[in-house]
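In this note's numbering, the protein residues as written are 289 to 553.
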């Protein structure tokens, strides 16, 4: 059921890329709980439809739009679908992303280009198309990006992913300055280790490469986190809610770490 009382995102319209599952799905859930009408924009039609159905059954306004962030045609179609359904767009969350675990010397150019196409060119294209609409219609609250602690610190075997996430932060800072005259805020969230789909996949890949167990690898990772645990996906989603809400009305051009204190060490 929808919560009664004040909601941080009441009547706002949010498009969230890569929201069919994982952290993106959790972001969509939290936005909806705070009163937003949400567009689940994803390549995975079946999972996306199921996510929308679950949100609707919980009493929220949600629709699905098939989206490939590297395809401008589907981005424009998603904007059109959003406008037809809700009449406006206030918030864009650039969440869609993929990972890669490969040393530079072993990384094929095709894999490098695929990661950058989804993780960096995709957010650029989505932001460009949605920003133009926000400027032209003088309506829009914010554009948000999913980056990573890998966007602030390199790590062996993560060159393609880290390069894309470093790039996202540069894109975010430039766009924040460009959108400020229009009153549109632009920020990023940089999660550390999260107990969610992509991170669990990554643990499996690393464990396989290193010949160790996932449980051992997971514990060694937890041991490096000052707060002593992995993040819950809702803790990451709550940061997006905050940045999209009036509580963050004077915050722009910032990247917020959600890493349990790792960057403080």
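Note that beta-carbon positions come from the ideal geometry of N, C-alpha and C, so glycine has one too. Since this is a predicted model, take the numbers as computed values, not measurements.
Buried or exposed: residue 369, going by 16 or more other Cβ atoms within 10 Å of its Cβ? buried
Apart from the five residues on each side of it in sequence, which residues of its chain come closer than 8 Å, Cβ to Cβ, to residue 549? 513, 514 and 515
Which word fits residue 479, buried or exposed, when buried means at least 16 other C-beta atoms lie within 10 angstroms of its C-beta? buried
Cβ neighbour criterion (16 or more within 10 Å) applied to residue 534: exposed
Under 7 Å Cβ to Cβ from residue 482, same chain only, skipping five residues before and after it: list those, please. 311, 518, 519, 521 and 524
Does DSSP put residue 338 in a helix, a strand or coil? helix
Would you mind stating whether residue 358 and residue 308 have Cβ atoms separated by less than 9 Å? no
Could you tell me which of 337, 346, 298 and 492 sits nearest to residue 387, measuring between CA atoms? 492
Taking its Cβ as the centre, do 16 or more other Cβ atoms sit within 10 Å of residue 299, making it buried, or is it exposed? exposed
Which runs of the alpha helix (DSSP H) fall wholly inside the region 417-488 and span at least 4 residues, in chain order? 447-467
Determine, using beta-carbon pairs with one atom in the region 443-452 and one in the region 399-419, whether at least three such pairs fall under 8 Å. yes
Measuring only the C-alpha atoms, how far is residue 552 from residue 329? 34 Å
Note down, one range per segment and in chain order, each alpha helix (DSSP H) of at least 4 residues found wholly within the region 512-551. 521-532
For residue 469, which option in 427, 383 and 402 has the closest C-alpha, if you only look at C-alpha atoms? 427
With DSSP as the reference, identify every bridge partner of residue 353, one or two as the case may be. 329
Does the Cβ-Cβ distance between residue 476 and residue 434 come in under 9 Å? yes
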